[in-house]
Structures are given as structure tokens and as C-alpha cells.
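A.B. asks: Take a look at this one; I'll ask things after.
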Amino acid sequence: MFLFEHALDPVSNEKSKSFSYRLLNRIGCTNEFWITGLPVFFLVACLALPFSVYSETIQKISSFDTLTSLDSSPEHRWEITTSPLDPVSFSKSYLEGGKSSIPFEVYNAPGVHKLKDESVQTVYLVKKFIAPKQWNAPSLSVRLGTINDKDRTYLNGTLIGATGDLNEKLPQAYDKIRVYPISNDLIRRGEKNIIVIQVKKFFDREVGIEQDRTLIGDGSLVLKDLLRAEYIKTFLLMIYLTVGGYFLFLYVRRRSDQENLYYGLFTILFFLYQLLRNQIKYDLGIEFIYMKKVEYIILTVLIPMFGNFVRVYFKYSRNLFLNVLDGSYAAFAVFYLFSNNVIHYNLLNKHVVQYGWILYVGLISYYLVRRMAQKDRDALFILIGVLVVVVSGVLDTLGARNVIVFPRVAGYAFLFFILSIATILANKFVRLNEEVEELNEGLEKKVEQRTEELKQSLEQVNRLKIQQDADYFLTSLLINPLSSNKNTSEIVKTEFYTKQKKSFEFKGKTYEIGGDILISGNVELGGKRYVVFVNGDAMGKSIQGAGGALVMGTVFNTILTRSGINSQKDKSPERWLKEAFLELQKIFESFDGSMYISIVLGLVEESSGLLYYINAEHPWTVLYRDRVASYIEDELTLRKIGIPENEQHLTIKTFRMLPGDTIVIGSDGRDDLLIGRAEDRIINEDQEQFLRRVEEGYGDLREVYDRILKFGALVDDFTLLKITYHPEAEVSSISPLPTKSYQEALDYGKELLEKNRISEGLETLEKALELHPKNEQILKVLGKFYLREKDYAKSIGYWETLLDRNADSSDLLYHASLCYKMLKFYQKAADLGERAFLQDPSLLKNLINLADIYRILNILPRANELIERALRIDPKNGKAMQVKNSLEAV
């Protein structure tokens, strides 16, 4: 059979057999030939003999003290088989002189072996050699290059090394150079030795020792040979990293030069790519699949990054073609990121990504040729560098595709590329120097001339500034006395904090001026003491805002002074607030739209902590209770003071403060804060942030201000008003009725009244009231009973008692107004009805009652206004229609 082995094409025994069989059939042989045509067979064999004789040659190694190549050559080659075999028993059989029936093919190592049957998963590589008889090397090693993909390597039947898990489906290390140590005891001195490598492939049809080289010899020399190349690569990596970091630093320092960004990123990416092509990566402890993922991503974006560098450097704008091309490559990178299939990586890279580079090279060439036509030397230098990199890239690509076996040279070519870019930057620097020298000629005279002009302009500006600061100073002298905390109450205390945006110096001192103003004081209304407060924010900045604050301070302080001089015994807090609001509205409305002001104006009753207030487009009022800050309102009904017809929407809101409560009011400077970088001009729009600052500062105004400054910078005038309620503890001399007995008495009394047992029911309720004189439920039952019985004199007593404790109830005010009307105290009834209207303008029964009162008082315009409002709420209301008809009959 050895006569026909490797006949014509020495690739396998099977091929030789098939060739011989076909040849015999061609000359007319059949199965009977083996019996009757034997001479013909010998004739054919003789004809084929010159082409088929194959003599096995074994590489003879003269010494292990140096490095000996095991690469295939015409004298000695590697062998490969896809047939299953046991490396241990096969090796022992060979060394004992046995003959194997396993068919082998010649394999040129290093190189890719193309499998005909992609279902084959494992192949066996065999290398036979004769070892020298003596050597001095203390230890030996074999270098086997990069094997695709996993391997188990045996020498003379003994396992000397393994890489990868044969059962793992993901790739393991198909670009790792294998170096395995060999014990001297394993070598058969002066005799035949055999290396058997069991290889588990990863790619469909490619297998073998694909790249690098195969060596055997002194272990220290093998390791030194490997490390020498790795040290050179590592040195180049440091250069790439340094250059990339330098250009990124230049971009950080000068953001307008985007070419530094693209070139820096390109260099850093190339550094990472070369690092992942280095054997050092296997010492990082990162899974192979993730390293390949990053490698393919970098390979995808590297050329587009350089293309954009050239585009930006020569000031070309983006176009649709480049946008589509960059978008496509970005999509490829995203695919690599989310896929773990290296075969798909390889296919996409080979058949799409690398061919797409041609488009980028064409685009880069287009940029460079256009610039070269304009005699731009930088374009010439870049083109030379690009050509060198392109040639090296082509060689590396052909090597990666296993078309040729060639060492990777892109890392060395990139050095030349760096020198070309360095030359470009040097030329650019020289050009800038020349331009600076040209500008320096005659610069001294220009500087002197310009300095004199600037000096004169500065003197003029300084004169104007002194005049302006004097105006600011005089205005601040007028405003400061008006913005004052004159509250003297020990129960309801007020505190101010002011920081105007505009500050100025006058005669060596620093002052502030702005449109925010804070005022507090005290008034007595209806025999009760109230704390008055206002926080205003006038429209405009600096002197314009200060003018509005000056008007506001003057008018409001006049109102406070007048309230202290004139008797206010019969005036309700709602009426006082309404009159103050209307007076301010009238004054600011006279400015005809050139001046508006937002305010919170309010009263706090000292005895009960009841807060009455008006909010005219001012930031919402904050309640700080039990270390929690919240808003006590959620809508604004009034526009700024001065806007026409604003009084038609006047509503007086109420809130009952509890002992220890704190109310915080502030201008919109508390919310309008500059956050982030100053150049971005991002203004805070989150109103909830102020609540957090109040909580962080525990309600202390100075601490709240400091917390706000940590969150953002002020861009407007800033004022805060703090109101705290600390009443003295009241000691009740009456023990409250136990809940059960009280409820029983109340239910029983109501039941008696319903059964028309009036005297018994009233007696029961009166006794319950004696034990619990301030109980609202009992008072309401009795008040409604006497109102129903038309005993208005008794009924009003209960409503008045309730109003002493709940003056913020529009329902109680309505019932009291109704009683006074029935008692013919029309003016008193009108006052109470107006108070209810100010607190709740939509309370229908109060609107009808108040309109009827004004009809009786013959104040018909107000009566018509109120009844029209009632009919808009309920057009079919019978009582409203009666009042409407009565008014029409007048």
C-alpha cells in the first residue's frame, strides 16, 4: 500500500485509493478483475510508481541548547488526521515500532488547515523528531504558536500542557501562543520522539497552528524569545497610551480643538486594541469572550474615529453620507456589545466591516487630496502616514484571515504615523509663531493707543458709576426704614432675612438694593390683637425694583399708622385685609402696567393663632410643623398687585396655626436658583427643593439660606419671613365630660327634639353644655334649633360663641349673618356676610343671603353683583330667583 500512498497529490491514503480505483475503472476493470486481470493491475501500479512513492522523513535535531524550529519544511512536515485516536496509546505504539492504520495528511505548520467536513470537531496534529544524544540545557520547552482553539499536547504519550476546556462551547484562547515545559526525562535521547496535539476547533472549517512559529529547545531561551517580543510590544503600548492621554489633555484644556479629542480617542483605542493582541492580556484574568468583544468593538470604531479626526482637522462639515456610514458602524459596535457569538463577529468583520473601511479610506483620501490641491503640507504628511498604516493594516488583515503567515506590523507602522502627526503639529506651531511675530510688529504703539482709549472710557464709566451708586445709596436710605420688623407680640413672633441681588459700594461701605421688602407690625381689630405682615417682590431689578419696594413700603406703613390712630373696634380681619389690598391695588394700578408687585399680606390672631392671608402671585406659603415642611396652599387665585380687575378675584385664605407651628414665606429668589455649571444657565424649576432646604435648616432662616447656597446660586433678590406661634398654656377649670356620657347626652337631646319633646331636649343639651361649654357640636345643634324656631336672639348667641373659636369658618359666619338680618341688624349682617364671602366666594347660601341684605339696605349694585354670581353657580336656584325678582321690582 505504501507504493500508492500520496499518489499524484500526496494528501491522504484515501485519496490515493480513490485515484487508483478510478484509474482501474477507467481502463475497464470490474470486480472480476481481481481474479482474472491481475497482470493489468501490476501494469497500472508500475505506471503510477514514479508519482506515488513517498518516503517518510523525520526531523533530526542536532542540539537542544539552542532554539530549533519545528515549522514544516520540504524536508520534514507535520501530519494531521481527523480520525479519532488515543494520543497515549498511539504514541507508545509508534515508539515501539508499530504500524498504524489511521490515515494522515501532510500539514504545513504554522498554517490553517481547511476541513472538508465541518462536522468534524477534533483533529490530531503529529510531529516526529529525533532528539540529540546530549545537551546542557537544564530544562526544555516547546513553543507551538497560536492553536485554534483548545488543545491537549502530549510528548511521547505524556501530557505536557493543555489550554482551554474541551467541553466549553465558547472560544477559549485561539490567539494564545502555547509554550509548554518539557521534562528532560521525557525525551528519548538519540531516538525518535513524537508530539501529538489534540485540537478542538472553534470555527467551522479552520483548525491547526494558525499563526506564530513552532520551536523547541532550552526553556529559558524559549521564554526569553517570547518575552523579548512582548517587551517591545509593551513599550510601544506605553508610547500609544502616553500620546493618547496627552492629546486628550489638550482637548480638556482647549475644547474648541476637537481634532485633539478624535486623535486622542483614536490613539487610546489603538492602545487597547494592541493590548488585546498582546499575550499579556491572558494575565489579566478576564474571560476570553469579553476580551474578544472589546477587540472587535475597537476594531469597528477605530477607522471611523480616524476619518473624523481628518475631517475635523481640515474643517470639513458632516454630510448625509458620513452620518449614515458612522451610524452603520455604531450599529455594528452595538451588535458586538450584546452578542456573544464570535463566529458572527468574525463573519461581520470579514465581510462587512473591513470592506467598509474602503469607504472611509476613500473619504479620507478625498479630504487629503483636496487639501493637497490647495498646497496644504499637513495633508501630504498625513497621507504618507495613512499609506503606511493602510499597508500594515492590509498585511495584518491578510494574516488574520490566514491568507498569509506574516507577523503583525501595525504596531510598528503606527510609530511612523505618530511621527507624521508630530510633524504636522510642529508645522502648525511654527505657523502660529510666525503669525504671532507678525502681530507683535508695531504692537507696542497699538497697545499704547488702545490703553489710552480704554483709560478715558474707564474714567467716564467710573464717573457714571459714582453717580449711579449715589442714587442707589439715597434710594436705600429711603427703603431701609420702611422695611422693618415692628412686631412686638410675645406670642406671635416674626423674623426677617434679606439678601438683595444688587450690592454696591459707596464711600468705602457696601450696601444692597433690590425690589424685595418685608414689613411687620401690630393692629387691634374688634378687641383682638393681630400681627400684621407683608412680603413683597416688586417687578424689575436694582433701581426699578427698589422703586416698587419704596412705593409698597410707603403705602403699607401709612395703612399701619392709620390703623393705629383710628379706631378699628368694629372692623373684622377680613375687611381690614380687603381694604389694605384695594388701597395697594389702586396705587399700583395707577402706574399703568409699568410696575407690579407680588405679595403675601396677612394677619395672625394672637389669641387663637388663626392666620388670615392674601397671596397675590407670590410663592406658596410653607408650614414647618414637627420638622416637616409642606405647602398650605396649592393654587393661586390672584395676579400681581397692579393688574387691572384683580380685585374681582380677591379671596382671603385662612389657616389655623397650632402651638409651635412655624410659617415661612419667601420671594421667588428662594426657588430661582442657578444649578450646575454657570455657563449652562440651568435654573431650578422644582418648588419642592425649598421644602427640603427648610427641613435641612430646621426652620432657622440663616441656616435655610446657607443650605440654599449649597444647592444653587442666587439669581434674584432673596427674602424670607418667619412667623412662629407660641401661646401660653391654658389651664381649663372645667373637666371635660367623658366621651361616652357626652355623646349619649348629645344623641338623647337630639332625639328628644326630633320627637318634639322640646323642653326635655333643651334641658338635656343645656346640661351637657354646662359640663362642656365649648363643645362645637352642642353649640351648633342649639344654634340651628333656635334658628329653626325663629328665636334669633338666642340663636345668635351660640353662633357668636362658635365664631370666637372658629372665625375662619364661612358656614358659621353665614349663620350669624342670617340671624342678624332676621333681627334687622342689617349692617352687622352685611359685615359678617362679607367676611364669609371673602373666605369662600362660592358659598351659594351666603351669596343669596348677602344679596338680600344689600337689597334691604338699598345697595343695589352690590346686590345685583352677588345674585348674578349665585345664579352662575346654580341658575335654577329658587331662593336666588326670588331675590333676583325682588331686585328687578325695585
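By my numbering, the letter at position 400 of the sequence shown is numbered 401, and the numbering carries on one by one without gaps.
Each residue gets a CB set at the ideal place from its N, CA and C atoms; glycine is no exception.
(1) Using only CA atoms, which one of Ile287, Arg214 and Ser142 lies nearest to Val223?
(2) Considering only the beta carbon of each residue, do Lys100 and Ile196 sit closer than 8 Å?
(3) Nearest-angstrom Cα distance between Glu869 and Phe712?
(4) Use the C-beta contact count for Ser521: other C-beta atoms within 10 angstroms, 16 or more gives buried, fewer gives exposed.
(5) Touch check for the stretch 300-310 and the stretch 330-350: three-plus C-beta pairs under 8 Å?
(6) Below 8 Å, how does it come out for the stretch 456-470 and the stretch 533-542: are there three or more Cβ pairs, yes or no?
(7) How would you write the range of the beta strand (DSSP E) that Glu606 sits in, first residue to last?
(8) Could you spell out where the beta strand (DSSP E) holding Leu145 opens and where it closes?
(9) Quick check on the burial criterion: 16 or more other C-beta atoms within 10 angstroms. Buried or exposed for Ser84?
(10) When burial is assigned at 16 or more other CB atoms within 10 Å of the CB, is Lys376 buried or exposed?
(11) Can you tell me whether Leu48 is buried or exposed? The criterion is at least 16 other CB atoms within 10 Å of its CB, across all chains shown.
(12) According to DSSP, simplified to helix, strand and coil, what is Pro182?
(13) Around the Cβ of Arg873, are there at least 16 other Cβ atoms within 10 angstroms (buried) or fewer (exposed)?
(14) Whole angstroms is fine: what's the gap from Ser608's alpha carbon to Asn523's?
(15) Just the Cα atoms here: how many angstroms apart are Ser477 and Asp841?
(16) Please classify Ala898 as buried or exposed, where buried requires at least 16 neighbouring CB atoms within 10 angstroms.
(17) By how many angstroms is the C-alpha of Pro620 removed from the C-alpha of Asp687?
(18) What does the Cβ neighbour count give for Glu80, buried or exposed, with the cut at 16 atoms within 10 Å?
(19) Are the stretch 131-150 and the stretch 169-187 touching by the rule of at least three beta carbon pairs closer than 8 Å?
(20) Between the C-alpha atoms of Tyr337 and Ile290, what's the straight-line distance to the nearest angstrom?
(21) With 16 other CB atoms within 10 Å as the buried threshold, where does Gln649 fall?
(22) Could one say the Cβ of Gln199 lies closer than 8 Å to chain D's Cβ atoms, at least one of them?
(23) Could you check whether Ile544 and Tyr597 sit closer than 8 Å to each other, using their CB atoms as the reference points?
(24) Using alpha carbons as the reference points, say which of His77, Leu659, Arg256 and Thr159 lies closest to Lys1.
(25) Quick one: what's Tyr274 bridged to in DSSP?
(26) For Phe418 and Ile344, I'd like the C-alpha separation in whole angstroms.
(27) Whole angstroms are fine: how far does the CA of Val208 sit from the CA of Ser73?
(28) Three or more C-beta pairs closer than 8 Å, one from the stretch 489-500 and one from the stretch 708-724: is that the case here?
(29) Who does Asn536 pair with in a DSSP beta bridge?
(30) Is the separation between the beta-carbon of Pro75 and that of Arg214 shorter than 8 Å?
(31) What residue ranges within the stretch 87-113 form continuous beta strand (DSSP E) runs of no fewer than 3 residues, ordered along the chain?
(32) Taking three-plus beta-carbon pairs below 8 Å as touching, is the stretch 696-703 in contact with the stretch 632-649?
(33) Please state whether DSSP places Glu889 in a helix, a strand or coil.
(34) Under a Cβ-count criterion, where at least 16 other Cβ atoms within 10 Å of its own Cβ denotes burial, should Lys456 be classed as buried or exposed?
(35) Quick one, are the C-beta atoms of Ile1 and Leu604 less than 8 Å apart?
(36) If we require 3 or more residues per run, which beta strand (DSSP E) segments fall completely within the stretch 153-229?
C.D. replies: So, from the listed chains and residues:
(1) Closest by alpha carbon: Ser142.
(2) Not a contact, by the Cβ cut-off of 8 Å.
(3) CA-to-CA, the gap between Glu869 and Phe712 works out to about 50 Å.
(4) Classification for Ser521: buried.
(5) At 8 Å Cβ cutoff, the stretches touch.
(6) Contact fails: fewer than three Cβ-Cβ distances are below 8 Å.
(7) Bounds of the beta strand (DSSP E) holding Glu606 are Ile598 to Glu606.
(8) Annotation: the continuous beta strand (DSSP E) that includes Leu145 extends over Leu141 to Asn149.
(9) Ser84 should be labelled exposed.
(10) Around the Cβ of Lys376, a 10 Å sphere holds fewer than 16 other Cβ atoms; the residue is exposed.
(11) Interpretation of Leu48 is limited by its pLDDT of 38, a score under 50 that renders its predicted location unreliable; the figure taken from the coordinates is listed afterwards. Using a 10 angstroms sphere on the CB of Leu48, the tally of other CB atoms stays under 16, which defines it as exposed.
(12) In the three-state reduction of the DSSP assignment, Pro182 falls in the strand class, which pools E and B.
(13) The residue is exposed, with fewer than 16 neighbouring Cβ atoms inside 10 Å.
(14) Distance between the alpha carbons of Ser608 and Asn523: 13 Å.
(15) Cα to Cα, Ser477 sits roughly 40 Å from Asp841.
(16) The structure shown does not extend to residue 898, since the chain spans only 2 to 891, so no value can be given for it.
(17) Asp687 and Pro620: Cα-Cα distance of roughly 12 Å.
(18) Classification for Glu80: buried.
(19) The stretch 131-150 makes contact with the stretch 169-187: 3 or more CB pairs, one atom from each, lie closer than 8 Å.
(20) Their Cα atoms are separated by approximately 11 Å.
(21) Gln649 counts as exposed, since fewer than 16 other beta carbons sit within 10 angstroms of its beta carbon.
(22) Although the question refers to chain D, the structure presented lacks it and comprises just one protein chain.
(23) No, the Cβ-Cβ distance between Tyr597 and Ile544 is not below 8 Å.
(24) Not covered by the structure: residue 1. The range shown for the chain is 2 to 891.
(25) None, per the DSSP bridge assignment.
(26) Within the model, the alpha-carbon separation for Phe418 versus Ile344 is close to 32 Å.
(27) Whole-angstrom Cα-Cα distance: 16 Å.
(28) With a cut-off of 8 Å, the stretch 708-724 and the stretch 489-500 count as touching, because enough Cβ pairs lie within range.
(29) In the DSSP output, where bridge partners are listed per residue, Asn536 has Leu519 and Val601.
(30) Their beta carbons are not under 8 Å apart, which means Pro75 does not touch Arg214 by this criterion.
(31) Listed in chain order, they are 106-108.
(32) Counting C-beta pairs closer than 8 Å gives fewer than three between the stretch 696-703 and the stretch 632-649, which falls short of the contact rule.
(33) Here Glu889 carries a helix assignment [DSSP, helix/strand/coil].
(34) Using a 10 angstroms sphere on the CB of Lys456, the tally of other CB atoms stays under 16, which defines it as exposed.
(35) Residue 1 lies beyond the stretch modelled for the chain, which goes from 2 to 891, so this question has no answer here.
(36) If one requires a minimum length of 3 residues, the beta strand (DSSP E) runs lying completely within the stretch 153-229 are 159-164, 178-183, 193-201, 207-212 and 216-219, in chain order.
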